[in-house]
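According to our numbering, the sequence shown is numbered sequentially starting from 1. In this text, a Cβ means the ideal position worked out from N, Cα and C, and glycines have one as well. Bear in mind the structure is a predicted one, so any value in this text is a computation, not a measurement.
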Amino acid sequence: GTRVGEVPAAGARGLGADQSIRDYLRTQVLAPLDEEERSFLRRTSLFETVTPDLCDTVLERDDSAAMLPALHRRLQLVVPLDRAGTAYRYHHLLGEALAADLAEHDRAAVAQLHARAAPWYLRQGQIDEAIRHATESGDLVLTGQLVFLCVPLAVGIGNPDRPARWLAAIPESDIAAERWLTLSACWLAIMLGDDTDGVTLWLLRAQQHAGPTWRVDSATEEYAAHVAVVAMVAGRGGIDETVELAARAPRGL
Numbered sequence: 001g002t003r004v005g006e007v008p009a010a011g012a013r014g015l016g017a018d019q020s021i022r023d024y025l026r027t028q029v030l031a032p033l034d035e036e037e038r039s040f041l042r043r044t045s046l047f048e049t050v051t052p053d054l055c056d057t058v059l060e061r062d063d064s065a066a067m068l069p070a071l072h073r074r075l076q077l078v079v080p081l082d083r084a085g086t087a088y089r090y091h092h093l094l095g096e097a098l099a100a101d102l103a104e105h106d107r108a109a110v111a112q113l114h115a116r117a118a119p120w121y122l123r124q125g126q127i128d129e130a131i132r133h134a135t136e137s138g139d140l141v142l143t144g145q146l147v148f149l150c151v152p153l154a155v156g157i158g159n160p161d162r163p164a165r166w167l168a169a170i171p172e173s174d175i176a177a178e179r180w181l182t183l184s185a186c187w188l189a190i191m192l193g194d195d196t197d198g199v200t201l202w203l204l205r206a207q208q209h210a211g212p213t214w215r216v217d218s219a220t221e222e223y224a225a226h227v228a229v230v231a232m233v234a235g236r237g238g239i240d241e242t243v244e245l246a247a248r249a250p251r252g253l
């Protein structure tokens, strides 16, 4: 006798995404729930740790603090991580089944959920999670803004590992297409001591994003000012241009 919300012990351990387990979960565990409850579980299955505030943010609702404990009372596979009920985790088999259902039945929502989650993780100080969700959202502008927001810290401490990891998850064509990602790639190339051609390639692309008047615009426009800073650090313009940019860029920044 398996209780509602439990996975049968025999043969279940280690099967992961096995279709028979998913079928069991769908028919015996999720089917008795109403559609709102199933939708809630599907749309929050993207997150390893589920909190009421995160759920309210990504689902644009205000009752997740009541929904999560109610689901826990019905399903043994919704596991509280503390006695206060401030955080939950879905059993990995349930999470896999829910994620598969989400991709199959509500694919359009996936990108939107990731995009809403990214700023939430940023507010919690979870930068890597924020950037991961922004990347998975497919929103290059959002991803570029979040990555570059964190690049100055990496530059300041001289540690390229994190921006290298973030940019490695993004196709090079997407990096070149989004201006803040391009600028992040410039800084990464400099931090890695990349060859002259590598730095120059990304700097030229950043200058294209900034427009032909980027030198003049660096006094008034933020992106152009950042391009000017990279150009100065990379030492591409000679002494006279470096002095001129040094006078302009701080105003643009």
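Could you pull the DSSP bridge partners for residue i from this structure?
i: P212; result: Beta-bridge pairing links P212 to no other residue.
i: P80; result: Y88
i: G50; result: Here the sequence assigns Val to residue 50, which means Gly is not the residue at that position. V50 is bridged to Y88.
Just to confirm before moving on: does the CB-CB distance between residue i and residue j stay below 7 Å?
i: F148; j: L183; result: yes
i: A117; j: V78; result: no
i: R248; j: A219; result: yes
i: G138; j: A111; result: yes
i: R205; j: A231; result: no
i: L140; j: E178; result: yes
i: A97; j: L25; result: yes
i: A87; j: T44; result: no
i: A154; j: R162; result: yes
i: D101; j: R42; result: yes
i: S130; j: L122; result: Contrary to the premise, residue 130 reads as Ala rather than Ser in this sequence. It is a contact, given that the beta carbons lie within the stated cut-off.
Since residue i and residue j should fall inside the 8 Å C-beta cutoff, what is the C-beta to C-beta distance between them, to a whole number of angstroms?
i: L46; j: L113; result: 6 Å
i: G144; j: L188; result: With 8 Å as the limit, G144 and L188 do not qualify as a contact, their Cβ atoms being about 13 Å apart.
i: L81; j: T49; result: 7 Å
i: A115; j: L75; result: So it is not a contact: roughly 28 Å between Cβ atoms.
i: V227; j: Q207; result: 6 Å
i: E222; j: L245; result: Incorrect: roughly 14 Å between the Cβ atoms, too far for contact.
Quick one: which unbroken alpha helix (DSSP H) runs of 4-plus residues sit fully inside the stretch 167-205? Chain order, please. 172-177 and 179-191
Under 8 Å: do the stretch 191-205 and the stretch 226-238 share three or more Cβ pairs, one atom per stretch? yes
I'd like to know if the stretch 63-81 and the stretch 123-142 are in contact, where contact means that at least 3 CB-CB pairs between them fall below 8 Å.
no
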